[in-house]
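Chemist: To start, I am sharing the structure in question, which I have written as structure tokens.
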Amino acid sequence: MAQTSINNPPGRVTDLVGLKKKGSVVTCETSFDILPVDFAHRDNPFQAFIFLCSYKGSIDAQEYEFRKCYARGCPDNLCPHVSQAVVVANRYLQKDYRRLEQGGIKIERRLFDLDDMTVKFDGYQKEHDATLVIHDYINIAREGNEVAVTVMLEYVPGVEHFVGYDNEMTFLMVGFTITCLGKTHRYERCLACYQTEREKEEKEYRNNIANERLKILYEEFDRESIKYEKQLF
816 MAQTSINNPP GRVTDLVGLK KKGSVVTCET SFDILPVDFA HRDNPFQAFI
866 FLCSYKGSID AQEYEFRKCY ARGCPDNLCP HVSQAVVVAN RYLQKDYRRL
916 EQGGIKIERR LFDLDDMTVK FDGYQKEHDA TLVIHDYINI AREGNEVAVT
966 VMLEYVPGVE HFVGYDNEMT FLMVGFTITC LGKTHRYERC LACYQTEREK
1016 EEKEYRNNIA NERLKILYEE FDRESIKYEK QLF
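Numbering (our numbering), first residue to last: 816 to 1048.
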């Protein structure tokens, strides 16, 4: 397995675990936002909800903070439905919690919760199949099935709507088109993001974070003999 770089200040869960292994004193806590975002996607602008987790704490008494987008959900069919997206978000969040705990970092296992939105969208999930994430397809390949993946990378501008203010962001998105078991599936994931007005200062750093996450996925593809062409930002 290739050695990934460790950033300090951290921008990923991997950085926290790596710094802890190097002997740093690491504390961590999480907070959540489920934000409406207007995406300017090609010629088809649409609104979706993004599931953001903010990681805050200290490394050797130096404070840090970064955020990670765990899923994107739509109230229509332009992306996975909100009621499906919260399940995807919590699956990946719990995976990161396991990594933190295995790395010796204490963390309270809090999860995303739709609260009032759950009532509004409750009936939808009963009528639709569960949304598979990219690791489900990796597991299908591990079982001996042939899996092929087409990778497409995009910079997608969007406006996050917080209470009282808006925030223009650029999202580094990966789209996977997966062919397996006679069917074709689509899955998207946000790998990083930065404030659009700070593109000159942040783009290279966020590209590196996105690429490190892609490299980890590509290693898993290689182990299971998944057919794909490597793409990086």
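Every residue gets a Cβ at the ideal spot worked out from N, C-alpha and C, and that includes glycine.
Roughly how many angstroms lie between the CA atoms of Leu834 and Ser820, to the nearest whole one?
Modeler: As a first step, residue 834 must be located in the sequence shown, where it is residue number 19. As a first step, residue 820 must be located in the sequence shown, where it is residue number 5. Distance between the alpha carbons of Leu834 and Ser820 is about 11 Å.
Chemist: Using only the alpha-carbon positions, how far apart do Leu915 and Leu831 sit?
Modeler: Taking the sequence shown and counting its residues from 1, one reaches residue 915 at position 100. Taking the sequence shown and counting its residues from 1, one reaches residue 831 at position 16. Leu915 and Leu831: Cα-Cα distance of roughly 8 Å.
Chemist: Tell me His896's beta-bridge partners as DSSP assigns them.
Modeler: The residue labelled residue 896 in the question sits at position 81 within the sequence shown. Looking at the DSSP assignment, His896 forms a beta bridge with Cys889.
Chemist: Bridge partners of Ile865, per DSSP?
Modeler: Within the sequence shown, numbered from 1, the residue matching residue 865 stands at position 50. BP columns for Ile865 point to Leu850 and Arg887.
Chemist: Do you know how far the Cα of Ser898 is from the Cα of Thr933?
Modeler: Along the sequence shown, one-based indexing puts residue 933 at 118. Along the sequence shown, one-based indexing puts residue 898 at 83. Because the pLDDT at Thr933 is just 39, under 50, the model does not fix this residue reliably, and the value given afterwards should be weighed accordingly. Rounded to the nearest angstrom, the two C-alpha atoms are 7 Å apart.
Chemist: Quick one: Cα of Tyr939 to Cα of Leu929, how far?
Modeler: On the sequence shown, residue 939 is found 124 positions in, with the first residue counted as 1. On the sequence shown, residue 929 is found 114 positions in, with the first residue counted as 1. Residue placement at Tyr939 cannot be trusted, given a pLDDT of 44 that sits under 50; what the coordinates show is reported in the next sentence. Taking the straight line from one Cα to the other gives about 14 Å.
Chemist: I'd like the ranges of any alpha helix (DSSP H) spanning at least 4 consecutive residues and lying wholly in the segment 948 to 1005.
Modeler: Runs of the alpha helix (DSSP H) inside the segment 948 to 1005: 949 to 957.
Chemist: In whole angstroms, what is the alpha-carbon distance linking Phe1036 and Cys889?
Modeler: Along the sequence shown, one-based indexing puts residue 1036 at 221. Along the sequence shown, one-based indexing puts residue 889 at 74. Distance between the alpha carbons of Phe1036 and Cys889 is about 28 Å.
Chemist: Since Phe1048 is in the alpha helix (DSSP H), which residue starts that stretch and which ends it?
Modeler: Position 233 of the sequence shown, counted from the first residue, corresponds to residue 1048. Looking at the DSSP string, Phe1048 is not in any alpha helix (DSSP H), and its letter there is neither H nor E.
Chemist: Using a Cβ-Cβ cutoff of less than 7 Å, which residues in the same chain neighbour Ala904 once the five nearest sequence positions on both sides are dropped?
Modeler: As a working note, residue 904 is residue 89 in the sequence shown. Correct list, in chain order: Phe866, Tyr885, Ala886 and Phe927.
Chemist: How would you write the range of the alpha helix (DSSP H) that Asn834 sits in, first residue to last?
Modeler: Locating residue 834 in the sequence shown gives position 19, where the first residue counts as 1. First, the residue type needs correcting, since residue 834 is Leu and not Asn in the sequence shown. Per DSSP, Leu834 belongs to the alpha helix (DSSP H) from Val828 to Lys836.
Chemist: Work out the CA separation of Cys1005 and Glu992 for me, nearest whole Å.
Modeler: In the sequence shown, the residue the question calls residue 992 occupies position 177. In the sequence shown, the residue the question calls residue 1005 occupies position 190. Contrary to the premise, residue 992 reads as Thr rather than Glu in this sequence. Straight-line Cα distance between these residues: approximately 15 Å.
Chemist: Can you grab the Cα-Cα spacing for the pair Val948 / Lys1045, in whole Å?
Modeler: Residue 948 sits at position 133 when you count from the first residue of the sequence shown. Residue 1045 sits at position 230 when you count from the first residue of the sequence shown. For Val948 and Lys1045, the distance between alpha carbons rounds to 19 Å.
Chemist: CB-CB under 6 Å to Val901, same chain, minus the five flanking residues each way: which ones, in chain order?
Modeler: As a first step, residue 901 is located in the sequence shown; it is residue number 86 there, counting from the start. Around Val901: Phe927 and Leu929.
Chemist: Quick check: the segment 1019 to 1033 against the segment 971 to 982, are there 3 or more CB pairs under 8 Å?
Modeler: In short, these stretches do not touch, since the Cβ pair count stays below three.
Chemist: Distance check for Val962 and Tyr970, CA to CA, integer angstroms please.
Modeler: Here residue 970 refers to the residue found at position 155 when the sequence shown is read from its first residue. Here residue 962 refers to the residue found at position 147 when the sequence shown is read from its first residue. Looking at the two C-alpha atoms, the distance is approximately 26 Å.
Chemist: Can you check which of these residues, Gly918, Arg882 and Leu996, is closest to Phe986 by C-alpha distance?
Modeler: Residue 986 sits at position 171 when you count from the first residue of the sequence shown. That would be Arg882, whose Cα lies nearest to the Cα of Phe986.
Chemist: Compute the distance between the beta-carbons of Ser846 and Ser869, then report whether it is under 8 Å.
Modeler: Taking the sequence shown and counting its residues from 1, one reaches residue 846 at position 31. Taking the sequence shown and counting its residues from 1, one reaches residue 869 at position 54. In contact: Ser846 and Ser869 (Cβ atoms closer than 8 Å).
Chemist: Return the CA-CA distance between Val807 and Arg924, expressed in angstroms with no decimal places.
Modeler: With the chain covering only 816 through 1048, there is no way to say anything about residue 807.
Chemist: Leaving out five residues on either side along the sequence, give the residues of the same chain with a beta carbon under 7 Å from the beta carbon of Phe1048.
Modeler: Numbered from its first residue, the sequence shown carries residue 1048 at position 233. Cβ within range, chain order: Leu968, Leu987, Asn1022, Ala1025 and Asn1026.
Chemist: Who are the near neighbours of Asp875 in its chain, counting only those whose CB is closer than 7 Å to its CB and skipping five residues on each side?
Modeler: Counted from its first residue, the sequence shown places residue 875 at position 60. Within the same chain, Asp875 has close Cβ partners Ser839 and Val840.
Chemist: Gln909 to Thr829, Cα distance in whole Å?
Modeler: Numbered from 1 along the sequence shown, position 94 holds the residue referred to as residue 909. Numbered from 1 along the sequence shown, position 14 holds the residue referred to as residue 829. Taking the straight line from one Cα to the other gives about 14 Å.
Chemist: Of the choices Tyr907, Val852, Lys921 and Thr946, whose alpha-carbon is the least far from that of His896?
Modeler: Reading the sequence shown from its first residue, position 81 is the one you call residue 896. For the residues Tyr907, Val852, Lys921 and Thr946, the minimum Cα distance to His896 belongs to Thr946.
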